[in-house]
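Student: Got a structure here, written out as structure tokens. Questions coming.
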Amino acid sequence: MKKSLLTNAKYEKLPQYPYKDVDDLIHRTAEDNKEAMWLTASEASSLRYEEVSDRLRVDIRKGLSWQEATDRRKIAGYNEFSVKNGDPPWKKYLEQFKNPLILLLLASAVVSACMTQFDDAISITVAIVIVVTVAFVQEYRSEQSLQELTKLVPPSCHCLREGTADSFLARELVPGDVVLLNVGDRVPADIRLFETNDLTIDESSFTGETEPAKKNIDSVIRPNGAHSSNTNIAFMGTLVRCGNGKGIVVSTGTNSEFGSVFKMMLEEEAPKTPLQKSMDSLGTQLSIYSFGIIGLIMLVGWIQGRPIMEMFTISVSLAVAAIPEGLPIVVTVTLALGVMRMAKRNAIVKKLPTVETLGCVNVICSDKTGTITRNEMTATVLVTSDGYIAELTGAGYNDHGQVLLHKCDFPDKARESVHQLLEVGAVCNNASIINELLLGQPTEGALLAAAMKHGMYNVGDRYVRLQEYPFSSEQKMMAVKCSSKYDRDKGEVYFVKGAIEKILPKCTSYSWNGNVTPLTAAKQQEFMAEAHEIAKKGLRVMSMAKGTTLQDLVYVGIVGICDPPRPQVREAITILKESGVQVKMVTGDSVDTAVAIAQLIGLEVLPSQVMSGEQLDTFTETELDEAIPRVTVFYRVSPKNKLSIVKSLQRTGHIVGMTGDGVNDGVALKKADIGIAMGKNGTDVCKEAADMILVDDDFYTIIAAIEEGKSIFYNIRNFVRFQLSTSIAALSLIALSTFLDMPNPLNAMQILWINIIMDGPPAQSLGVEPVEEDVLKQNPRDTKEPMITKKLIVNVLLSALFIIAGTLWVFQKERSSEGLTARDTTMTFTCFVFFDMWNALSCRSQTKSVFQIGVFTNKMFLIAVTLSVVGQMLVVYVPPLQQIFQTEALTAWDMAFLTALTSSVWIFSEFKKLLERYLERRCKGKRSPLEYV
Numbered sequence: 037m038k039k040s041l042l043t044n045a046k047y048e049k050l051p052q053y054p055y056k057d058v059d060d061l062i063h064r065t066a067e068d069n070k071e072a073m074w075l076t077a078s079e080a081s082s083l084r085y086e087e088v089s090d091r092l093r094v095d096i097r098k099g100l101s102w103q104e105a106t107d108r109r110k111i112a113g114y115n116e117f118s119v120k121n122g123d124p125p126w127k128k129y130l131e132q133f134k135n136p137l138i139l140l141l142l143a144s145a146v147v148s149a150c151m152t153q154f155d156d157a158i159s160i161t162v163a164i165v166i167v168v169t170v171a172f173v174q175e176y177r178s179e180q181s182l183q184e185l186t187k188l189v190p191p192s193c194h195c196l197r198e199g200t201a202d203s204f205l206a207r208e209l210v211p212g213d214v215v216l217l218n219v220g221d222r223v224p225a226d227i228r229l230f231e232t233n234d235l236t237i238d239e240s241s242f243t244g245e246t247e248p249a250k251k252n253i254d255s256v257i258r259p260n261g262a263h264s265s266n267t268n269i270a271f272m273g274t275l276v277r278c279g280n281g282k283g284i285v286v287s288t289g290t291n292s293e294f295g296s297v298f299k300m301m302l303e304e305e306a307p308k309t310p311l312q313k314s315m316d317s318l319g320t321q322l323s324i325y326s327f328g329i330i331g332l333i334m335l336v337g338w339i340q341g342r343p344i345m346e347m348f349t350i351s352v353s354l355a356v357a358a359i360p361e362g363l364p365i366v367v368t369v370t371l372a373l374g375v376m377r378m379a380k381r382n383a384i385v386k387k388l389p390t391v392e393t394l395g396c397v398n399v400i401c402s403d404k405t406g407t408i409t410r411n412e413m414t415a416t417v418l419v420t421s422d423g424y425i426a427e428l429t430g431a432g433y434n435d436h437g438q439v440l441l442h443k444c445d446f447p448d449k450a451r452e453s454v455h456q457l458l459e460v461g462a463v464c465n466n467a468s469i470i471n472e473l474l475l476g477q478p479t480e481g482a483l484l485a486a487a488m489k490h491g492m493y494n495v496g497d498r499y500v501r502l503q504e505y506p507f508s509s510e511q512k513m514m515a516v517k518c519s520s521k522y523d524r525d526k527g528e529v530y531f532v533k534g535a536i537e538k539i540l541p542k543c544t545s546y547s548w549n550g551n552v553t554p555l556t557a558a559k560q561q562e563f564m565a566e567a568h569e570i571a572k573k574g575l576r577v578m579s580m581a582k583g584t585t586l587q588d589l590v591y592v593g594i595v596g597i598c599d600p601p602r603p604q605v606r607e608a609i610t611i612l613k614e615s616g617v618q619v620k621m622v623t624g625d626s627v628d629t630a631v632a633i634a635q636l637i638g639l640e641v642l643p644s645q646v647m648s649g650e651q652l653d654t655f656t657e658t659e660l661d662e663a664i665p666r667v668t669v670f671y672r673v674s675p676k677n678k679l680s681i682v683k684s685l686q687r688t689g690h691i692v693g694m695t696g697d698g699v700n701d702g703v704a705l706k707k708a709d710i711g712i713a714m715g716k717n718g719t720d721v722c723k724e725a726a727d728m729i730l731v732d733d734d735f736y737t738i739i740a741a742i743e744e745g746k747s748i749f750y751n752i753r754n755f756v757r758f759q760l761s762t763s764i765a766a767l768s769l770i771a772l773s774t775f776l777d778m779p780n781p782l783n784a785m786q787i788l789w790i791n792i793i794m795d796g797p798p799a800q801s802l803g804v805e806p807v808e809e810d811v812l813k814q815n816p817r818d819t820k821e822p823m824i825t826k827k828l829i830v831n832v833l834l835s836a837l838f839i840i841a842g843t844l845w846v847f848q849k850e851r852s853s854e855g856l857t858a859r860d861t862t863m864t865f866t867c868f869v870f871f872d873m874w875n876a877l878s879c880r881s882q883t884k885s886v887f888q889i890g891v892f893t894n895k896m897f898l899i900a901v902t903l904s905v906v907g908q909m910l911v912v913y914v915p916p917l918q919q920i921f922q923t924e925a926l927t928a929w930d931m932a933f934l935t936a937l938t939s940s941v942w943i944f945s946e947f948k949k950l951l952e953r954y955l956e957r958r959c960k961g962k963r964s965p966l967e968y969v
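Heads up: the sequence shown at position 827 corresponds to 863 in this note's numbering, and the numbers run straight through without jumps.
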């Protein structure tokens, strides 16, 4: 009977047991069984495959029995990711009411209802329901990111059970199963390979590596946990690009490498956006101010000897009126319009507050492969053996582009040399391109596309392939022996491509202007130097040769291949840096490739600004916080490293944006303040974990999002300034008349009308102010700065002072000794409304003149103000409304007088902005304030 001994320290506590004695296995403690039932990828890669099969008690020639697989599944569980059911929807809905501003509005609605102010109570309740419902829907949708990870396990797999190959659901796999892998298969679990035949696996969505990983069966001598070291492991969710293989399942479900990503996503919660934090802070501030008003008025009333209940009723009414119940609706509408504008600019925003977050971002961590670059290998430069240089335009696996020769004296000879070089790359090739879809290796696809750009289609069809010498990691070259289909006299010829250091020693001559010239040692060094210069630019160098034998080749040149940056990436990064946003590149690629691409897109990459994932693993939290802000390029990073980078930046006070397209980016995307996924080539996991999706995969779209984000916050702040200045003015007007024992200058209906204007169209239209042209030049806003700043309070109080003083002066001027008349209240009422309109005009921008931003740029504002003025005219001049509002008709002179008086609040604001701009820019050489009008 076969026995095995568990030698690893982790398993020493378990005694040896027979291979077929499953009962003993089942009756052990569940925890011990689980430990004995799987290996991590790093553990399995360090062992010989015979040791792995012995550890997992499986005969690789037969696989597991069906019964044993069933027994193991009872212990190890199904090969799937299960998302735990959270709180019920109704509970999540009620949790939205914990927001301070929502609680304050709720209290206001209750008080208004108790005081029979049902109009206020209804409007506040509607605002609460809208905001809470939108927040609930966003949170519910955001939870779908974990569901997408469950799709990583393919629906079916090919497995060896009881000596027979069979196909069944991949969720049925258990550790110890023997899996068969073929081209096009998605790997169903983490597998330790024991047989490979030219097996390459696309791991770009997992490791960030553009080039598919070549797999072998050799154990890794010094495993360090890095994915690049696990060349004998096929990871769950990756795709078989070429060849075939067999392997033993070492871990399934959440125990797999993708499972660790799943568990991290389960543990991490998306942070609150800066706008949500600002709204919470504003709610707290308004609560304090409201209670302050109540306390102050009650104290003054008590000192005056007035009835305490009367003063309480007045103070509570004023406090409720002071709360801007229109604010949540304005915020929601403003954000919704921003989301709609972003959709037109190819950016889908999944959560409303997200669109404002990018206005605060001061660090963007960007994945390289598929985000900064296209994730498509492209030939970009050719150097022929006779010294001709050509650049290739266009990208993708198609003929969209040209082969542009550098200035040369013999263009015909140059084109012939380029033809020879591309012919080798196209014939010594196993890939094919059908309707811009690549079937085969990306590097070979790049060579085919380069030939197509030179007008060379289906070159391989002109030859009959007699023999192939496949590429191997030892030989680092591929060769095919062919004969011409149409010219039998040419004989057999070898076409060879590969690493230049492997091919040049096999070359005895090189092509020179159509002739064959002996290859000297000096010329070899010259060709090696050319290749080295191209490699330093981050390109993969592929050399080409052909000849009658493999030991007597003619060297024809080299091709430089890379994963090129996306269009406008360099320009976008330049704009981001000028606007105060740091850009950090985070990639799983090698240091040479990472640094070359970083230099190509304009990032600073001094040696001290480059760091590997292995270095990050050795740092403490304090060391991470000291090092990470200074680093520009991170290479060979894992999903755990990406998460550590985001967390460290957040701990050091940064607002972090994270871009990515792969599953390995999912955790960092979720944890970042704003996660940005690629729409075309991004994985479903990536899209669901992100807050924003770039539909066209264009990195430059982030610039548009930042414009929107900054503008939205400024618009919300403009609305707050308008609301607070009008509210304070209305409150103060009523409070002063009460304290001075004067008649109330406004009746109940007039106050209601003013309240409608405060929260109505003029106020709402401030939230849709167009994006200012120079908004990108402004630094990201400080999220520690509250919504209500000292500068905002000063502006609010100055505006309110003008409105109060002007309205009280008109009220006193119009009062007669006969008592309060309809004309008195009409003049006062209209004066206050006109002040409100002029004040709204000044609130369109905190720093710029109306003439700078454009009088007619915000059409919604013009319509809203016009409707409000027309409404006021109807209240003053239409008899039925005169009876309701207790007004009377005013003369044209009265209207002209009120218009001139009330414009003072706008004139003062414009002069103040002019003076502030002059003082701010005085040091920049400007001499006169008039230059800023």
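Ideal Cβ positions, reconstructed from N, Cα and C, are used throughout, including at glycine. Note that the structure is a prediction, hence the values are computed from the model and not measured.
Which residue comes first and which comes last in the beta strand (DSSP E) that contains His490?
Tutor: Unbroken run through His490: none, as it is neither H nor E.
Student: Phe670 by DSSP, collapsed to three states: which one?
Tutor: Phe670: strand per DSSP, three-state reduction.
Student: So with Cβ pairs under 8 Å, would you call Ile637 a contact of chain C?
Tutor: As a matter of chain content, chain C is missing from the structure shown, which is built from one protein chain.
Student: Using a 10 Å radius around the Cβ and a threshold of 16 neighbouring Cβ atoms, would you call Glu1037 buried or exposed?
Tutor: This structure does not reach residue 1037, given that the chain is present from 37 up to 969, and the question cannot be answered.
Student: I think Ser835 touches Ser940, with their Cβ atoms under 8 Å apart; what is that distance to the nearest whole Å?
Tutor: Rounded, the Cβ-Cβ distance is 11 Å, inconsistent with contact.
Student: Any idea if Asp588 is buried or exposed, counting beta-carbon neighbours within 10 angstroms, 16 or more meaning buried?
Tutor: By the 10 Å Cβ count, Asp588 comes out exposed.
Student: How many Å lie between Asp95 and Gln103 at the Cα?
Tutor: Going by the C-alpha atoms only, they are around 15 Å apart.
Student: What is the rounded straight-line gap between the Cα of Thr893 and the Cα of Pro806?
Tutor: Answer to the nearest angstrom: the Cα atoms are 7 Å apart.
Student: On the criterion of 16 or more Cβ atoms from any shown chain inside 10 Å, does Ser878 qualify as buried, or is it exposed?
Tutor: Per the 10 Å Cβ criterion, buried.
Student: Determine, using beta carbons only, whether Val682 and Ala708 come nearer to each other than 8 Å.
Tutor: Yes, these two residues count as a Cβ contact at 8 Å.
Student: Ignoring anything shorter than 3 residues, give me the beta strand (DSSP E) runs that lie fully in the stretch 668 to 740, in order along the chain.
Tutor: Qualifying beta strand (DSSP E) stretches, in chain order: 669 to 671, 692 to 696, 710 to 714 and 728 to 730.
Student: By alpha-carbon positions, which one of Ser453, Ala467 and Asp727 ends up nearest to His490?
Tutor: Among Ser453, Ala467 and Asp727, the Cα nearest to that of His490 belongs to Ser453.
Student: Taking the alpha carbon of Ser904 as the point to measure from, which residue in Ala925, Asp872 and Leu934 has its own alpha carbon closest?
Tutor: Looking at the Cα atoms, Asp872 is the closest of the given residues.
Student: According to DSSP, is Ser181 part of a helix, a strand, or is it coil?
Tutor: Unreliable placement is indicated for Ser181, whose pLDDT of 44 sits below 50; the coordinate value is still reported in the next sentence. Helix at Ser181.
Student: Determine the extent of the beta strand (DSSP E) in which Ala201 is found, giving its start and end residues.
Tutor: Residues Thr200 to Leu205.
Student: Please report how far the alpha carbon of Phe204 lies from the alpha carbon of Ser192, in whole angstroms.
Tutor: Rounded to the nearest angstrom, the two C-alpha atoms are 5 Å apart.
Student: By alpha-carbon positions, which one of Tyr433, Glu743 and Asn717 ends up nearest to Asp732?
Tutor: The option with the nearest alpha carbon to Asp732 is Asn717.
Student: Indicate the three-state DSSP secondary structure (helix, strand or coil) for Cys867 in the structure shown.
Tutor: If DSSP states are grouped into helix, strand and coil, Cys867 belongs with the helices.
Student: What is the residue span of the alpha helix (DSSP H) that Tyr85 lies within?
Tutor: Here the alpha helix (DSSP H) through Tyr85 covers Tyr85 to Arg91.
Student: Check Gly295 in the structure and name its three-state DSSP category.
Tutor: Correct three-state label for Gly295: helix.
Student: Please report the distance separating the alpha-carbon of His194 from that of Gly273.
Tutor: Rounded to whole angstroms, His194 to Gly273 spans 15 Å at the Cα level.
Student: From Val846 to Gly907, what does the alpha carbon distance come to, in whole angstroms?
Tutor: Using only the alpha carbons, I get a separation of about 21 Å.
Student: With 16 other CB atoms within 10 Å as the buried threshold, where does Glu614 fall?
Tutor: Burial call: exposed.
Student: What is the C-beta distance between Met580 and Gly593, in whole angstroms, given that I count them as a contact (C-beta under 8 Å)?
Tutor: Yes, they are in contact, since the Cβ atoms of Met580 and Gly593 sit about 6 Å apart, within 8 Å.
Student: Applying the criterion that 16 or more other CB atoms from any shown protein chain within 10 Å of the CB defines a buried residue, is His690 buried or exposed?
Tutor: When all chains shown are included, His690 counts as buried.
Student: Does the separation of the CB atoms of Ala858 and Glu924 fall below 8 Å?
Tutor: Yes; because the gap between Cβ atoms is below 8 Å, this pair is in contact.
Student: From Gly702, Thr883 and Val399, pick the residue whose C-alpha is nearest to that of Arg753; which is it?
Tutor: Minimum Cα distance to Arg753 is reached at Thr883.
Student: Here's the rule: buried if 16 or more other CB atoms are within 10 angstroms of the residue's CB, otherwise exposed. What is Lys134?
Tutor: Under this definition Lys134 is an exposed residue.
Student: With a CB to CB cut of under 7 Å and the five nearest residues on each side skipped, what residues in its chain are close to Asp628?
Tutor: Closer than 7 Å at the Cβ level, and outside the excluded window around Asp628, lie Gly574.
Student: Between Ile227 and the rest of its own chain, which residues show a CB-CB distance below 6 Å, the 5 nearest in sequence each way excluded?
Tutor: Taken in chain order, the residues that qualify are Val215, Ala270, Gly283 and Val285.
Student: Taking 8 Å as the threshold (C-beta atoms), are Gly745 and Leu371 in contact?
Tutor: Not a contact, by the Cβ cut-off of 8 Å.
Student: Using three-state DSSP, classify Trp74 as helix, strand or coil.
Tutor: Trp74 falls in the coil class under three-state DSSP.
Student: In chain order, which continuous runs of the alpha helix (DSSP H) of length 4 or greater are located wholly inside the stretch 766 to 823?
Tutor: Listed in chain order, they are 784 to 795 and 797 to 801.
Student: Who are the Cβ neighbours of Gln206 in its own chain at under 8 Å, not counting the five residues just before and after it?
Tutor: In the sequence as presented, Gln is not what sits at residue 206; that position holds Ala. The residues are Asn115, Val189, Pro190, Pro191, Ser192, Cys193, Pro224 and Ala225.
Student: Going by DSSP, what residues sit across from Gly745 in a beta bridge?
Tutor: None, per the DSSP bridge assignment.
Student: Report the rounded CA-to-CA distance for Val162 versus Val811, giving the unit in angstroms.
Tutor: Going from the Cα of Val162 to the Cα of Val811 covers about 34 Å.
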